[in-house]
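Enquirer:
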Amino acid sequence: MSATIIDGKRVAKEITDALKSEVDALKAKGVTPGLAVVLVGENPASKKYVASKEKTCETLGIKSIGCKVPDTITQAELLKIIDDLNNDPAVHGILVQLPLPKQLSEKEVMHRISSLKDVDGFGPDSLGRLVLDEPGFLPCTPHGCIKLIEAYGVDCAGKHAVVVGRSVIVGKPVSLLLLRKNATVTICHSKTANLKDVCLSGDIVVAAVGKAEMVKGDWIKPGATVIDVGINVSADGKLVGDVEFEAAKERAGFITPVPGGVGPMTIAMLMYNTVEAAKNMLK
Ligand code: NDP
Numbered sequence: 006m007s008a009t010i011i012d013g014k015r016v017a018k019e020i021t022d023a024l025k026s027e028v029d030a031l032k033a034k035g036v037t038p039g040l041a042v043v044l045v046g047e048n049p050a051s052k053k054y055v056a057s058k059e060k061t062c063e064t065l066g067i068k069s070i071g072c073k074v075p076d077t078i079t080q081a082e083l084l085k086i087i088d089d090l091n092n093d094p095a096v097h098g099i100l101v102q103l104p105l106p107k108q109l110s111e112k113e114v115m116h117r118i119s120s121l122k123d124v125d126g127f128g129p130d131s132l133g134r135l136v137l138d139e140p141g142f143l144p145c146t147p148h149g150c151i152k153l154i155e156a157y158g159v160d161c162a163g164k165h166a167v168v169v170g171r172s173v174i175v176g177k178p179v180s181l182l183l184l185r186k187n188a189t190v191t192i193c194h195s196k197t198a199n200l201k202d203v204c205l206s207g208d209i210v211v212a213a214v215g216k217a218e219m220v221k222g223d224w225i226k227p228g229a230t231v232i233d234v235g236i237n238v239s240a241d242g243k244l245v246g247d248v249e250f251e252a253a254k255e256r257a258g259f260i261t262p263v264p265g266g267v268g269p270m271t272i273a274m275l276m277y278n279t280v281e282a283a284k285n286m287l288k
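Numbering (this note's numbering), first residue to last: 6 to 288.
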């Protein structure tokens, strides 16, 4: 039987619709949530992501503060911009669109963002809180994956969750969030042996590899929940995930499509974090 397709657009809209009322309530108290998005250079994919973040801000009534700078900017100049945003009371969240040009240290930039405004959740304070199970900003894409699993009523407790990918942006945080939900988690990477067999033992499979359709349909345990984080362009120019969708959906219980699965959730959770940051300022 064919899997239930997890509709990320619908779940993301439900989340942003609820946020709209929260933004209105904050405005009634004199606070307009503000998100600063720093874009360095002219990377077309980055420009596209930034434009859709700005559009969602506009829809929700969140003030979007665009900081577009040339790719010739120095590390010191970029850090000065971050410092100014850290000190600006109208800015509640700061996002630096990655990747940065090679001459810049992403690590130093991420560490410079105030932990109170780290709405991307990649700073050391946010990631430390995630490990410590303390409240804090959760990285947007991993949080979005969990929200999708919850939205479709999949119980993680006692299940075997297999995460393919161990990046700081997706693989590691989503593994910790699955652990928080009492799944038994296996984290796979490029040196994992017998990846197919490991995937086949997963009740939940999260693919965050960045390789088009690498996780094959016959790697999926019948009935499993498949969350595909990958965004790749196939040889024929189509947007595809890390999972061989057509074959996998014939075995899975639930599966996210690409596009329309995890992608819309990332922006929704960024908006969620921005509203949380603005609410925190009122406490
Ligand atoms: P990274 O390149 O940072 O990490 C990829 C991970 O996959 C690494 O841990 C790597 O292992 C592992 N890997 C690579 N090849 C293999 C292999 N053959 N077998 C097993 N594991 C392998 O990617 P990201 O985590 O940043 O992103 C992953 C994907 O998710 C990309 O397609 C990206 O575009 C997409 N993405 C989508 C988002 C969204 O909003 N939907 C947001 C962020 C990312 P090792 O550590 O050993 O090198």
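Glycine included, each C-beta is placed from N, C-alpha and C at the ideal position. As the structure is a prediction and not an experimental result, all values here were calculated from the model.
What is the rounded straight-line gap between the Cα of Ser69 and the Cα of Lys196?
Expert: By one-based count along the sequence shown, residue 69 stands at place 64. By one-based count along the sequence shown, residue 196 stands at place 191. Ser69 and Lys196: Cα-Cα distance of roughly 41 Å.
Enquirer: With a Cβ-Cβ cutoff of 8 Å, do Glu59 and Val42 count as a contact?
Expert: Here residue 59 refers to the residue found at position 54 when the sequence shown is read from its first residue. Here residue 42 refers to the residue found at position 37 when the sequence shown is read from its first residue. Going by C-beta atoms, Glu59 is nearer than 8 Å to Val42.
Enquirer: Among all residues, which have a Cβ less than 5 Å from at least one non-hydrogen atom of the ligand NDP, and in what chain order do they fall?
Expert: Matched residues: Thr146, Gly170, Arg171, Ser172, Ile174, Val175, His194, Ser195, Ala213, Val214, Gly215, Val234, Gly235, Ile236, Val267, Gly268, Thr271.
Enquirer: Touch check for the region 244-252 and the region 119-126: three-plus C-beta pairs under 8 Å?
Expert: At 8 Å Cβ cutoff, the stretches do not touch.
Enquirer: Below 8 Å between beta carbons: does that hold for Pro147 and Leu184?
Expert: For the purposes of this step, residue 147 is identified with residue 142 of the sequence shown, where counting begins at 1. For the purposes of this step, residue 184 is identified with residue 179 of the sequence shown, where counting begins at 1. No, Cβ-Cβ distance for Pro147 and Leu184 is not below 8 Å.
Enquirer: Which one of Asp233, Val55, Gly98, Thr9 has the shortest CA to CA distance from Asn285?
Expert: For the purposes of this step, residue 285 is identified with residue 280 of the sequence shown, where counting begins at 1. Among Asp233, Val55, Gly98, Thr9, the Cα nearest to that of Asn285 is on Gly98.
Enquirer: Would Val220 pass as a contact of Glu249 if the rule is Cβ separation under 8 Å?
Expert: Here the question's residue 220 lines up with position 215 in the sequence shown. Here the question's residue 249 lines up with position 244 in the sequence shown. Yes, Cβ-Cβ distance for Val220 and Glu249 is below 8 Å.
Enquirer: So Val263 and Gly235 are in contact, right, with Cβ under 8 Å, and what is the actual spacing, rounded?
Expert: Within the sequence shown, numbered from 1, the residue matching residue 263 stands at position 258. Within the sequence shown, numbered from 1, the residue matching residue 235 stands at position 230. With a Cβ gap of about 7 Å, Val263 and Gly235 count as contacting.
Enquirer: Could you pull the DSSP bridge partners for Ala212 from this structure?
Expert: Taking the sequence shown and counting its residues from 1, one reaches residue 212 at position 207. Looking at the DSSP assignment, Ala212 forms a beta bridge with Val169, Asp233.
Enquirer: Could you check how far apart the C-beta atoms of Ser203 and Thr191 are, in whole angstroms? I think they sit under 8 Å.
Expert: On the sequence shown, residue 203 is found 198 positions in, with the first residue counted as 1. On the sequence shown, residue 191 is found 186 positions in, with the first residue counted as 1. As written in the sequence, residue 203 is Val, which differs from the Ser given in the question. The Cβ separation is near 6 Å, so the contact holds.
Enquirer: Could you give the residue range of the alpha helix (DSSP H) that holds Ala252?
Expert: To locate residue 252, count along the sequence shown from 1; it is residue 247. Ala252 -> alpha helix (DSSP H) spans 250-253.
Enquirer: With respect to the alpha helix (DSSP H) encompassing Cys145, which residues constitute its N-terminal and C-terminal limits?
Expert: To locate residue 145, count along the sequence shown from 1; it is residue 140. Where Cys145 is concerned, the enclosing alpha helix (DSSP H) stretches over 145-156.
Enquirer: Excluding the five sequence neighbours on either side, which residues of its own chain have a C-beta within less than 8 Å of the C-beta of Asp88, listed in chain order?
Expert: On the sequence shown, position 83 is the one that residue 88 refers to. Once the five neighbours on either side are set aside, the close Cβ partners of Asp88 are Arg117.
Enquirer: Mapping the DSSP letters down to three states, classify Cys161 as helix, strand or coil.
Expert: On the sequence shown, residue 161 is found 156 positions in, with the first residue counted as 1. Here Cys161 sits in coil by DSSP.
Enquirer: State the start and end residues of the unbroken alpha helix (DSSP H) segment that holds Gly268.
Expert: Counting from 1 along the sequence shown, the entry for residue 268 is found at position 263. Where Gly268 is concerned, the enclosing alpha helix (DSSP H) stretches over 267-287.
Enquirer: Considering only residues of the same chain and omitting the five flanking positions on each side of Lys32, which have a CB-CB separation below 8 Å?
Expert: Position 27 of the sequence shown, counted from the first residue, corresponds to residue 32. If we look at Lys32 and ignore the five residues flanking it on each side, its Cβ neighbours are Gly66.
Enquirer: Which of helix, strand or coil does DSSP assign to Val263?
Expert: On the sequence shown, residue 263 is found 258 positions in, with the first residue counted as 1. Looking at Val263 - three-state DSSP - the assignment turns out to be coil, as it is neither helix nor strand.
Enquirer: Hey, would you say the C-beta of Ile232 is under 7 Å away from at least one heavy atom of the ligand GTP?
Expert: Judged by which ligands are present, the ligand GTP is missing from the structure shown, whose ligands are the ligand NDP.
Enquirer: Ignore the nearest five residues each way along the sequence and tell me which others in Cys62's own chain have a CB closer than 6 Å to its CB.
Expert: The sequence position of residue 62 within the sequence shown is 57, counting from 1. For Cys62, where only same-chain residues beyond five positions count, the Cβ hits under 6 Å are Leu40, Ser69.
Enquirer: Under 8 Å, do Glu27 and Val280 count as touching if we go by C-beta distance?
Expert: Working through the sequence shown from its first residue, we reach residue 27 at position 22. Working through the sequence shown from its first residue, we reach residue 280 at position 275. Their beta carbons are under 8 Å apart, which means Glu27 touches Val280 by this criterion.
Enquirer: When the Cα of Ser346 is compared with those of Asp130, Asn278, Ala283, Val231, which residue comes out closest?
Expert: This structure cannot speak to residue 346, because the chain is shown only from 6 to 288.
Enquirer: State yes or no: is the C-beta of Val96 within less than 8 Å of the C-beta of Leu103?
Expert: Translated into positions along the sequence shown, residue 96 becomes position 91. Translated into positions along the sequence shown, residue 103 becomes position 98. Contact: no.
Enquirer: Under 8 Å by Cβ, that's how I've got Gly133 and Met115 pegged, so tell me the actual separation to the nearest angstrom.
Expert: In the sequence shown, the residue the question calls residue 133 occupies position 128. In the sequence shown, the residue the question calls residue 115 occupies position 110. With a Cβ gap of about 13 Å, Gly133 and Met115 do not count as contacting.
Enquirer: Would you list the residues sitting across from Cys193 in a DSSP beta bridge?
Expert: Residue numbering aside, residue 193 sits at position 188 when the sequence shown is read from its first letter. Partner(s): Val169.
Enquirer: List the whole-angstrom C-beta distance separating Ala253 from Ile209, where the pair is believed to meet the contact cut-off of C-beta under 8 Å.
Expert: Residue mapping note: residue 253 aligns to position 248 of the sequence shown, counting from 1. Residue mapping note: residue 209 aligns to position 204 of the sequence shown, counting from 1. Not a contact, Cβ separation roughly 13 Å.
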